[in-house]
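Take a look at the structure below.
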Amino acid sequence: MSKKSLKLGIALAAGAGAAAVLAKNSKCNPGTSKASDKSASSKNPVNSDYRNTERGKYEKNSKGIYYTNGNYEAFARPEKPEGVDDKHAYIVGSGLASLAAACFLVRDAQMPGSHIHILEAMDIAGGACDGIFDPTRGYVMRGGREMENHFECLWDLFRSIPSIETPDVSVLDEYYWLNKHDPNYSLCRATVNRGKDAHTDGKFNLSQKGCMEIMKLFMTKDEDLYDKTIEDVFDDEVFNSTFWLYWRTMFAFENWHSALEMKLYFQRFIHHIAGLPDFSALKFTKYNQYESLILPMQKYLEAAGVDFQFNTEVTNVIFEFKENKKIASAIECKVNGVEKGIVLTENDLVFVTNGSCTEGTIYGDQNHAPNGDAEVRTSGCWSLWKNIAAQDPSFGHPEKFCSDISKTNWESATITTLDDKIIPYITDICKRDPRTGKVVTGGIVSCQDSRWLLSWTINRQGQFKDQDKDKVCVWVYGLFTDVPGDYIKKPMKACTGKEITEEWLYHLGVPEDQIEELAENSAVCVPTMMPYITAFFMPRAKGDRPDVIPDGCVNFAFLGQFADTPRDTVFTTEYSVRTAMEAVYGLLGVDRGVPEVWGSVYDIRELLSSSVKLMDGKSPLEIEIPGANLIKKPLLHFIRGTVIEKILRDYDVLKDGM
Numbered sequence: 093m094s095k096k097s098l099k100l101g102i103a104l105a106a107g108a109g110a111a112a113v114l115a116k117n118s119k120c121n122p123g124t125s126k127a128s129d130k131s132a133s134s135k136n137p138v139n140s141d142y143r144n145t146e147r148g149k150y151e152k153n154s155k156g157i158y159y160t161n162g163n164y165e166a167f168a169r170p171e172k173p174e175g176v177d178d179k180h181a182y183i184v185g186s187g188l189a190s191l192a193a194a195c196f197l198v199r200d201a202q203m204p205g206s207h208i209h210i211l212e213a214m215d216i217a218g219g220a221c222d223g224i225f226d227p228t229r230g231y232v233m234r235g236g237r238e239m240e241n242h243f244e245c246l247w248d249l250f251r252s253i254p255s256i257e258t259p260d261v262s263v264l265d266e267y268y269w270l271n272k273h274d275p276n277y278s279l280c281r282a283t284v285n286r287g288k289d290a291h292t293d294g295k296f297n298l299s300q301k302g303c304m305e306i307m308k309l310f311m312t313k314d315e316d317l318y319d320k321t322i323e324d325v326f327d328d329e330v331f332n333s334t335f336w337l338y339w340r341t342m343f344a345f346e347n348w349h350s351a352l353e354m355k356l357y358f359q360r361f362i363h364h365i366a367g368l369p370d371f372s373a374l375k376f377t378k379y380n381q382y383e384s385l386i387l388p389m390q391k392y393l394e395a396a397g398v399d400f401q402f403n404t405e406v407t408n409v410i411f412e413f414k415e416n417k418k419i420a421s422a423i424e425c426k427v428n429g430v431e432k433g434i435v436l437t438e439n440d441l442v443f444v445t446n447g448s449c450t451e452g453t454i455y456g457d458q459n460h461a462p463n464g465d466a467e468v469r470t471s472g473c474w475s476l477w478k479n480i481a482a483q484d485p486s487f488g489h490p491e492k493f494c495s496d497i498s499k500t501n502w503e504s505a506t507i508t509t510l511d512d513k514i515i516p517y518i519t520d521i522c523k524r525d526p527r528t529g530k531v532v533t534g535g536i537v538s539c540q541d542s543r544w545l546l547s548w549t550i551n552r553q554g555q556f557k558d559q560d561k562d563k564v565c566v567w568v569y570g571l572f573t574d575v576p577g578d579y580i581k582k583p584m585k586a587c588t589g590k591e592i593t594e595e596w597l598y599h600l601g602v603p604e605d606q607i608e609e610l611a612e613n614s615a616v617c618v619p620t621m622m623p624y625i626t627a628f629f630m631p632r633a634k635g636d637r638p639d640v641i642p643d644g645c646v647n648f649a650f651l652g653q654f655a656d657t658p659r660d661t662v663f664t665t666e667y668s669v670r671t672a673m674e675a676v677y678g679l680l681g682v683d684r685g686v687p688e689v690w691g692s693v694y695d696i697r698e699l700l701s702s703s704v705k706l707m708d709g710k711s712p713l714e715i716e717i718p719g720a721n722l723i724k725k726p727l728l729h730f731i732r733g734t735v736i737e738k739i740l741r742d743y744d745v746l747k748d749g750m
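Going by my numbering, the first residue of the sequence shown is number 93, and it counts up by one from there.
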């Protein structure tokens, strides 16, 4: 042992011994006077009531919930809350968050299904989790769902939802088996020069300054990032890196989006830094998200007797304010266009999905751009939130998110191949035959030099249960919709489905003299313009998103991407399900812990590993910082032979020769 280590050990031992002597003396002198107690406490104030205990560790917070981890509570069934049989629940919307809330009401709150009423403006459930075959247009998927193993609330839910395809198994079971047998990873993350592999090769290509900018953001307090943009915290050192290509195309971040949201994402998925370049961090469903996620939930709820009311557009929830309580007292709605009111008591619960990323979607088709006379599907989500928010400041500020569609829009398109002429170009890039039923692209392929910043992906085929096995559904999206393309000299938002296909074929490397013919006869495309698709990434401050259960609310909660819950990240299926669980547990008093957001940001192993991965294998100890070498060698000498040295070596922070 070194002299320094020996001295440190002696000091620690001496401190421990002194504490033991003091403790012994206090026990041996029970008659110490109150005056001497007071004198001692004035010199060294100690809470005399303090004791080491875990009692109260899981007491519910002001929202009526507590967070937990581990499998003890994850496997537990809560007791039936008192008085639940006398309550009714009204759930506005039928997207993932709303259906999840209904499922938790049935499973955990044990509310009779007939007491649960889902009010949906459309004629179909699912919200943003869609996937349909439109006979007049073709297959339509406005988006896809990227999931990972630490979506704790999502998997907690789907372990209880029966599969509608395989008897006697859950949705989680079939999902787990699928991704075990056919793990996801990409063989080509990006292309340049019309379909050539960009050879990003798993590297982030961040400079030392760029890494430091990211680390600084990582360590910044939330409140210091209120209303700031990513441009406020990063410069070209990050924006010109391969890291930023990966990041913004995978998560759909723009430079002007929220720096706070960027930080939360980085912390939330720190354990997946190594999986960003090839998408090995991700898992996907077998079919589109409507058939894989929404339909099983709907069948489960219908079997429980839940009341679905379609073509019912809720326009406002009226509140009564008394004795520091906020009570939802009435729901205003239109049923098939006819105005109606639902009178509520304090015993009735209301759950509202406020805002929507797919609200106001404009649908085009093969020969029409998604503008002008194109179909617009609207459910009034933003108007509803504005009407609710006008009644109390704690209900949030919707205008922060929906007031500038030039910064919140992008466009996607579903291209369906009609024959085998395009298939060879796809196979040449992704190195897999898309018709095998297994992983194809393994995530998006980004056209690095595309002016639209075009990305495309092919998930397992068929993406629809009834899809023709010879057809392939491709999902395409562009982040920049208002600039001319590289082949089609028009903004994406002004393009027909055929023209979007032509631009995509150009970036696949199809010879120019064949592009128009293939786009016309070998594929059909349905474009969808979504004005608010990244509205939740707009810069914000505390209070702009309302709490899931706003302070003072006794029978009302918000759900979904525009409700606020700590540490988790929007634009994920997990966020929708987490807000639903918190809302139900809080309002019903369900005595079961909500699984905390996975704690990788507090795991020293993940922090060390991600630091090395972010620097493309370089150790943080190799960074040249003026004056750092003066303390580096003594510190390394001090930890030699300890568990600290071992963990640093295990994660390549400490290397031979250092």
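Every residue gets a Cβ at the ideal spot worked out from N, C-alpha and C, and that includes glycine.
For the region 188-239, which segments carrying the beta strand (DSSP E) assignment without a break, of at least 3 residues, lie completely within its bounds, in sequence order?
List check, beta strand (DSSP E) in window: 208-211, 224-226, 230-232.
Mind the definition here: the region 449-465 touches the region 614-623 only if three or more C-beta pairs lie below 8 Å; say whether that holds.
Taking 8 Å as the limit for Cβ pairs, the verdict is that the region 614-623 does touch the region 449-465.
State buried or exposed for D222, treating a residue as buried only when at least 16 other CB atoms are found within 10 Å of its CB.
Label assigned to D222: buried.
What are the complete alpha helix (DSSP H) segments, minimum 4 residues, inside the region 244-283?
244-250, 263-273, all fully within the region 244-283.
Which residue from I216, D370, C195 puts its Cα closest to that of P275?
When each option's Cα is compared against that of P275, the closest is D370.
Could you name the residues of the same chain whose beta carbon sits closer than 8 Å to that of L114, not counting the 5 residues immediately before and after it, in chain order?
In this prediction, L114 scores a pLDDT of 35, lower than 50, which makes its location untrustworthy; no coordinate-derived value is stated.
Check for me: the beta strand (DSSP E) holding E424 runs from which residue to which?
Counting along the chain, the beta strand (DSSP E) containing E424 begins and ends at 417-427.
Is the beta carbon of T593 sitting closer than 7 Å to the one on H460?
Against a cut-off of 7 Å, the Cβ pair of H460 and T593 comes out as no contact.
A193 and V575: beta carbons closer than 7 Å?
No, these two residues do not count as a Cβ contact at 7 Å.
Measure the C-alpha to C-alpha separation of Y158 and V409 and round it to an integer number of angstroms.
The straight-line gap from Cα to Cα measures roughly 28 Å.
What does the Cβ neighbour count give for E451, buried or exposed, with the cut at 16 atoms within 10 Å?
Buried: at least 16 other Cβ atoms inside 10 Å.
Strictly by DSSP, which residues pair up with F413?
Looking at the DSSP assignment, F413 forms a beta bridge with K418.
M708: which of V406, S299, M203, D316 sits nearest, CA to CA?
Looking at the sequence provided, one finds Asp at residue 708 rather than Met. Nearest C-alpha to D708: S299.
Only counting runs of 4 or more residues, tell me where the alpha helix (DSSP H) segments fall wholly within the region 490-522, in order along the chain.
The region 490-522 contains these whole alpha helix (DSSP H) runs: 491-494, 515-522.
Based on the DSSP output, what are the partners of I454 in its beta bridges?
DSSP lists V468, M621 as partners of I454.
Between which two residues does the alpha helix (DSSP H) harbouring T734 extend?
Here T734 belongs to no alpha helix (DSSP H), and DSSP marks it neither H nor E.
Tell me which residue opens and which closes the alpha helix (DSSP H) that V330 is part of.
Element bounds for V330: 328-331.
Have a look at the DSSP bridge pairing and note the partners of V566.
DSSP output for V566 lists I507 as bridge partner(s).
Which residues in the same chain as A396 place their Cβ atom closer than 7 Å to its Cβ, once the five residues preceding and following it in sequence are excluded?
Cβ neighbours of A396 beyond the five flanking positions: V198, G205.
Fully enclosed by the region 582-616, which alpha helix (DSSP H) runs are 4 residues long or longer?
You should have 589-600, 604-613.
Can you give the Cα-Cα distance for S134 and R143, rounded to whole angstroms?
Below a pLDDT of 50, predicted positions are generally treated as unreliable, and S134, at 43, falls in that range; the measurement from the model is reported next regardless. S134 and R143: Cα-Cα distance of roughly 20 Å.
Kindly give me the distance between the Cβ atoms of L249 and V686, rounded to whole angstroms, as I take these residues to be in contact under 8 Å.
With 8 Å as the limit, L249 and V686 do not qualify as a contact, their Cβ atoms being about 12 Å apart.
Do you know whose CA, among S350, D511, Y231, S471, lies nearest D316's CA?
When each option's Cα is compared against that of D316, the closest is S350.
Going by Cα to Cα distance, which pick from T509, D319, P631, T404 is closest to I434?
Selected option, being the one with the closest Cα: T404.
Between the C-alpha atoms of W596 and R697, what's the straight-line distance to the nearest angstrom?
So the two alpha carbons sit approximately 41 Å from each other.
Hey, could you find the ends of the alpha helix (DSSP H) L368 is sitting in?
Taken as a continuous stretch (DSSP letters only), L368 belongs to no alpha helix (DSSP H), as it is neither H nor E.
Do A189 and T445 have their C-beta atoms within less than 7 Å of each other?
Yes, the pair counts as a contact, with Cβ atoms nearer than the cut-off.
Please name the residue or residues paired with G433 in a DSSP beta bridge.
Answer is E424.
DSSP three-state label for Q483, please.
Q483: coil per DSSP, three-state reduction.
Check the DSSP bridge columns for T445 and list the partner residues they point to.
Looking at the DSSP assignment, T445 forms a beta bridge with L651.
Relative to the alpha-carbon of K320, which residue among L706, E346, S448 has its alpha-carbon at the smallest distance?
If we check each option's Cα against that of K320, E346 comes out closest.
Thinking C-alpha only, which one of R527, I515, M584, Y318 is nearest N501?
The option with the nearest alpha carbon to N501 is M584.
Can you tell me whether DSSP reads E346 as helix, strand or coil?
Reduced to three states, the DSSP call for E346 is coil.
Please classify H364 as buried or exposed, where buried requires at least 16 other C-beta atoms within 10 Å of its C-beta.
Result: buried.
Thinking C-beta only, is L651 closer than 7 Å to A672?
Going by C-beta atoms, A672 is nearer than 7 Å to L651.
Exposed or buried, which one is E491 when buried takes at least 16 other CB atoms within 10 Å?
Looking at its Cβ environment, which holds fewer than 16 other Cβ atoms inside 10 Å, E491 is exposed.
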